[in-house]
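Student: One structure follows; several queries about it will come next.
In UniProt numbering, the protein residues as written are 1 to 346.
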């Protein structure tokens, strides 16, 4: 890809995100989302592979639909209330339409269909952007409109996302699709607490972003796209493979790693709200995700590929590890003892 084009796309991506998260008017938020959509399309289709072109087409169509619904919802609200302020979402139809529009943008169930396919057709770096930065503006809109949203609808979508994200990830052999369904499952955790403590939604998103970024950067360093190649990566950079296992377990939410913090806080808050059944359901559904995280970790560090025929082992590489990967893996493994500070900052 042309360096100038890449610079323009990256700058536009940051600009669109900044506009949306800092706006309090529906039109400026919508403009930021549109800039984001147009900026990421060249990055998705830059390989000129048919799968990449298909992914960019699917992404454009779904995002355009979501943007249209969001604009329609904000216009209905402005028509009946005279308010364009994002926090003044009062009309019931506008609340439902905006929830659907933002859910499409995020990839929540039942609007998840585009997300795994788009990630599968993109490069690892673009997948990292789609799974983290591109979700920040819609999450911010959810945060700003959270008092007006229907809690029953959000809870239903959250439980369905946690169930489908865990269930569909069980049978995947492509690492990008595994992480796509992992993202859908984590979105369920973020959505279920939105009505009761929106700050917890943001904390969950931040920690999910740190952990997922670490995993994508490690996979990009070792050039791993399938589970079958995960088994041979230990010969490339053995220390990095060990850290990869710990980062996966953190994403699964096992103590004493960082990923345990948001799940612990969400279960605690749901119990305080006397939603014990909901907390129990989403906790049990997270076990589905735990299975495929453990499978990935097992493949990466413990198993050896079957040796029925002679094959060439991959030699250790001198390729330098991305400094960001080191920072993110450290945060995703060792942040739990600092949880009181994290809660104070948020």
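Even for Gly, the Cβ is constructed at its ideal location relative to N, Cα and C.
Contact between the stretch 132-145 and the stretch 18-34: three or more CB pairs below 8 Å?
Tutor: These segments touch.
Student: Note down, one range per segment and in chain order, each alpha helix (DSSP H) of at least 4 residues found wholly within the stretch 209-285.
Tutor: Runs found: 227-230, 238-252 and 260-272.
Student: Nearest-angstrom Cα distance between residue 106 and residue 232?
Tutor: Going from the Cα of residue 106 to the Cα of residue 232 covers about 33 Å.
Student: Kindly list the residues whose CB is nearer than 7 Å to the CB of residue 182, restricted to its own chain and excluding five residues on each side of it in sequence; keep chain order.
Tutor: Same-chain partners within the cutoff: 165, 169, 251 and 289.
Student: What is the rounded straight-line gap between the Cα of residue 327 and the Cα of residue 260?
Tutor: Cα-Cα distance, rounded: 19 Å.
Student: Report the CB separation of residue 94 from residue 77 in whole angstroms; it is logged as a contact under 8 Å.
Tutor: 4 Å between Cβ atoms; contact.
Student: Taking the continuous alpha helix (DSSP H) assigned at residue 355, which residues delimit it?
Tutor: Residue 355 cannot be examined here, being either before or after the span of the chain that is shown, 1 to 346.
Student: Does residue 311 come out as helix, strand or coil in the three-state DSSP assignment?
Tutor: Low local confidence applies: a pLDDT of 47 at residue 311 is under 50, so the model's placement there is unreliable, with the coordinate-based value given in what follows. DSSP places residue 311 in coil when its eight states are reduced to three.
Student: If you drop the 5 nearest sequence neighbours on each side, which residues of the same chain put their C-beta closer than 8 Å to that of residue 324?
Tutor: Excluding sequence neighbours, residue 324 sits near 213 and 217.
Student: Alpha carbons only, please: which of 220, 38, 273 and 206 is nearest the one belonging to residue 331?
Tutor: The shortest Cα separation from residue 331 among 220, 38, 273 and 206 belongs to 206.
Student: Where residue 229 and residue 121 are concerned, what is the direct C-alpha to C-alpha distance, given to the nearest angstrom?
Tutor: Going from the Cα of residue 229 to the Cα of residue 121 covers about 18 Å.
Student: Assuming contact is defined by CB atoms lying nearer than 8 Å, are residue 349 and residue 175 in contact in what I supplied?
Tutor: A question about residue 349 goes unanswered here, because the residues of the chain that appear run from 1 up to 346.
Student: Quick one: using the 10 Å Cβ neighbour count with 16 as the cut-off for buried, is residue 2 buried or exposed?
Tutor: Flag for residue 2 reads exposed.
Student: Closest to residue 196 by CA distance: which of 145, 44 and 257 is it?
Tutor: Comparing Cα-Cα distances from residue 196 to each of 145, 44 and 257, the minimum goes to 145.
Student: With burial defined as no fewer than 16 other Cβ atoms inside 10 Å of the residue's Cβ, what is the status of residue 45: buried or exposed?
Tutor: Buried, since its Cβ has 16 or more Cβ neighbours within 10 Å.
Student: Helix, strand or coil for residue 2? Go by DSSP, reduced to three states.
Tutor: Looking at residue 2 - three-state DSSP - the assignment turns out to be coil, as it is neither helix nor strand.
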